[in-house]
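A.B. asks: Below is the structure I would like to discuss, written out as structure tokens.
2 protein chains.
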Amino acid sequence: MLYLIGLGLSDVSDITVRGLDTVRKCKRVYLEAYTSILMAADQESLEKYYGREVILADRELVEGGSDDILAGAQTDDIAFLVVGDPLGATTHTDLILRARELNIPYNIIHNASVMNAVGACGLQLYNFGQTVSLVFFTDSWKPESFYDKVLENRQLGLHTLLLLDIKVKEQSIENMARGRLIYEPPRYMSIATAAQQMLEIEESRKEGAYGPETPCIGVSRLGAPTQAFRADTLEQLAEYDAGEPLHSLIILGNRVHDLETDFIAAFAPDQERLRKAIKDDAQNFKKPEPPIVNMYDD
Amino acid sequence: MLYLIGLGLSDVSDITVRGLDTVRKCKRVYLEAYTSILMAADQESLEKYYGREVILADRELVEGGSDDILAGAQTDDIAFLVVGDPLGATTHTDLILRARELNIPYNIIHNASVMNAVGACGLQLYNFGQTVSLVFFTDSWKPESFYDKVLENRQLGLHTLLLLDIKVKEQSIENMARGRLIYEPPRYMSIATAAQQMLEIEESRKEGAYGPETPCIGVSRLGAPTQAFRADTLEQLAEYDAGEPLHSLIILGNRVHDLETDFIAAFAPDQERLRKAIKDDAQNFKKPEPPIVNMYDD
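Respectively, the protein sequence lines represent chains A and B. If you count the first sequence from 1, you need to add 818 to reach my numbering. If you count the second sequence from 1, you need to add 818 to reach my numbering.
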């Protein structure tokens, strides 16, 4: 049996009781270690907590060598641990499809992921549109497909959760060209970088998906004891130092419920600025008024 | 301290280790018992598992008498247990706002909820639009606001998760009129009822948000050992007996990724019918072609 087990967001003890019992009975335990990190735990602390060896699974092992992971899983129990939920932000459907081909049964043990735990900021999950990824820009590569998706959500009045890029075990172009297996230090996109990149694209696109005054929430270390929310305009968040990773960013929709506003106001360094930004933003994306018809005119 | 603790979806052991440790040290433990149910556990089994008394909190207690729940929480630890995640499908921000007013600190212990665990069906969470609720129709009350939201999602090619109505501790109109505190047996909307109601509204609206041939996934008992997915057309699901609650329904968007199709095909009673429905549906919501301009014509 292949068990895909969500670890939740931060601490070793964020695993479910059922998940922990399952890990402890598995023959081999893999940890997916390239799309996210468990903020308050590392391989060593997990091994100690589980009392089992934990094998780090990087992208090559999962995408290229998944048969190594699945070896013997027709009869043995194998655990594949994923930060958050196994089918949350990053899905591992390809691993499951491969297991199916090999007639290996699988079982998913769910957990919280950023996709639902973000409700902790006080915005209703119902009022979110599609979730969007934002990758690190380079001088020559500034993918802006996120812009259209944010615009689609904003036109419907919906909030947008932006998941920010994580670069783990990446090679520099020079090292890659020379075939040197030297990896750069991991990089995690900050709220400030995300906000700056977004403003840069709005400046070139000028379609008004959002602007410097758009109300947003910076989310840092969601689910960890040091978790923080910061409710402010996009422009202000572009200057905000949120500290240690992981970060996410929420662009508010323009039909914020009063209960949402009251809740997030506690996360604003300047409540008045936030409330004004929300109020002003409500004027955007108005549908044109129907023409006035004079009923007495014919 | 007020602890809002997610219980996950099905079994007593779906609570996180941190959640369980917290429950066991709390002075009073409340279970929110009116918006969802833990499928494989009841009050008694929870009490046995925790070794603590569990107080059922119905809507009146939470919305009207939250100060009873919060009494003493400035100094004592109080647990408020919620099926799924405390801020998932049903948010308890009002309880947190009240705690803030009373200067009671709070802490959220997250868990899986239907909003993220639904990824188990193989559709990418990124490709979902806003989540929608569907309530039981009566002869005189058929709220159709869900229709506009499904249409908005479908126009963007996005999937829609429909959360289906749960009626717990409801009075009949007659008993309410006579002031008799007699409650109807709990009712949980089935996939078939949801599909029938949706088809009824499309028949009257005729705006083509979806139709009998639209591909959908029926989700039953998500996260439980008897969990099942059924991928078929809406019309077929209107006849589908999915068994015990809880059920949800997903209306597919019309830009289904090949990997998604391959994954959900395993849940189809008729793979050919499903693949045809997905292929045909891709023709809907096409933007009009731009007019052909003859460059040699002036």
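Every residue gets a Cβ at the ideal spot worked out from N, C-alpha and C, and that includes glycine. Note that this is a predicted model, so its numbers are computed, not measured.
Who are the Cβ neighbours of B/Leu-999 in its own chain at under 6 Å, not counting the five residues just before and after it?
C.D. replies: none
A.B. asks: Just to check my reading of the structure: B/Gln-861 and B/Leu-874 have Cβ atoms closer than 8 Å, yes? What is that Cβ distance to the nearest angstrom?
C.D. replies: 6 Å
A.B. asks: If we define contact as Cβ-Cβ less than 9 Å, is A/Thr-911 a contact residue for chain B?
C.D. replies: yes
A.B. asks: Pick helix, strand or coil for A/Phe-898, following the three-state DSSP scheme.
C.D. replies: strand
A.B. asks: Rounded to a whole number of angstroms, what is the C-alpha to C-alpha distance between B/Tyr-965 and A/Pro-1003?
C.D. replies: 48 Å
A.B. asks: Would you mind reading off the limits of the beta strand (DSSP E) that contains A/Val-1037?
C.D. replies: Residues 1033-1038.
A.B. asks: Would you decide whether B/Gln-1101 is buried or exposed? Buried here means 16 or more other CB atoms lie within 10 Å of its CB.
C.D. replies: It counts as exposed.
A.B. asks: With a 10 Å radius around its C-beta and 16 neighbouring C-beta atoms as the bar for buried, classify B/Leu-856 as buried or exposed.
C.D. replies: buried
A.B. asks: Of all the CB atoms in chain B, is at least one closer than 9 Å to the CB of A/Asn-929?
C.D. replies: yes
A.B. asks: Express the C-alpha separation of A/Ala-1086 and B/Asp-895 in angstroms, rounding to a whole number.
C.D. replies: 27 Å
A.B. asks: For A/Tyr-924, does the three-state DSSP call read helix, strand or coil?
C.D. replies: strand
A.B. asks: What residues from chain B crowd round A/Asn-934, counting only those whose CB sits closer than 7 Å?
C.D. replies: Asp-903, Gly-906, Ser-931, Met-933 and Asn-934
A.B. asks: Where A/Leu-920 and A/Leu-822 are concerned, what is the direct C-alpha to C-alpha distance, given to the nearest angstrom?
C.D. replies: 16 Å
A.B. asks: State the beta-bridge partners of B/Ile-873 as determined by DSSP.
C.D. replies: B/Tyr-848
A.B. asks: If contact means a Cβ-Cβ distance below 9 Å, which residues of the segment 1052-1084 of chain B contact chain A?
C.D. replies: Listed in chain order, the positions of the segment 1052-1084 of chain B with a beta carbon within less than 9 Å of a beta carbon of chain A are Leu-1077, Glu-1078, Asp-1080, Phe-1081 and Ala-1084.
A.B. asks: Straight-line CA distance for A/Glu-962 to B/Val-901?
C.D. replies: 38 Å
A.B. asks: Using a Cβ-Cβ distance under 9 Å, would B/Arg-836 count as near chain A?
C.D. replies: yes
A.B. asks: Which residues in chain A have a C-beta closer than 7 Å to the C-beta of B/Ile-833? List them in chain order.
C.D. replies: Thr-834 and Val-835
A.B. asks: Would a C-beta distance cut-off of 9 Å place A/Ala-1056 and A/Gln-1014 closer than the cut-off?
C.D. replies: yes
A.B. asks: Counting contacts by CB-CB distance shorter than 9 Å, is A/Leu-1017 in contact with chain B?
C.D. replies: So, not an interface residue.
A.B. asks: Comparing the C-beta of B/Gly-826 with each C-beta of chain A, is any distance below 9 Å?
C.D. replies: yes
A.B. asks: Here's the rule I'm using: 16 or more other beta-carbon atoms within 10 Å means buried, otherwise exposed. How should A/Ser-1022 be labelled?
C.D. replies: Exposed: under 16 other Cβ atoms inside 10 Å.
A.B. asks: Assign B/Ser-854 to buried or exposed, taking buried as 16 or more other Cβ atoms, counted over all protein chains shown, within 10 Å of its Cβ.
C.D. replies: Buried: at least 16 other Cβ atoms inside 10 Å.
A.B. asks: Compare the C-beta of B/Phe-898 with all C-beta atoms of chain A and state if any pair is closer than 9 Å.
C.D. replies: Not an interface residue.
A.B. asks: Should A/Leu-982 be flagged as near chain B, meaning a C-beta pair shorter than 9 Å?
C.D. replies: Contact with chain B is absent for A/Leu-982, since none of that chain's Cβ atoms lies less than 9 Å from the residue's Cβ.
A.B. asks: Given A/Ala-935, which residues of its chain have a CB within under 7 Å of its CB, disregarding the five upstream and five downstream residues?
C.D. replies: Cβ within range, chain order: Leu-827, Leu-1040 and Gly-1041.
A.B. asks: Does B/Leu-915 come out as helix, strand or coil in the three-state DSSP assignment?
C.D. replies: helix
A.B. asks: With burial defined as no fewer than 16 other Cβ atoms inside 10 Å of the residue's Cβ, what is the status of A/Asp-832: buried or exposed?
C.D. replies: With 16 or more other CB atoms across the displayed protein chains lying within 10 angstroms of its CB, A/Asp-832 is buried.
A.B. asks: Please tell me whether A/Phe-1103 has its Cβ less than 9 Å away from any Cβ of chain B.
C.D. replies: no
A.B. asks: Strictly below 8 Å CB to CB, what residues from chain B border A/Ala-938?
C.D. replies: Near A/Ala-938 (Cβ distances below 8 Å), the residues of chain B are Leu-905, Ile-926 and His-928.
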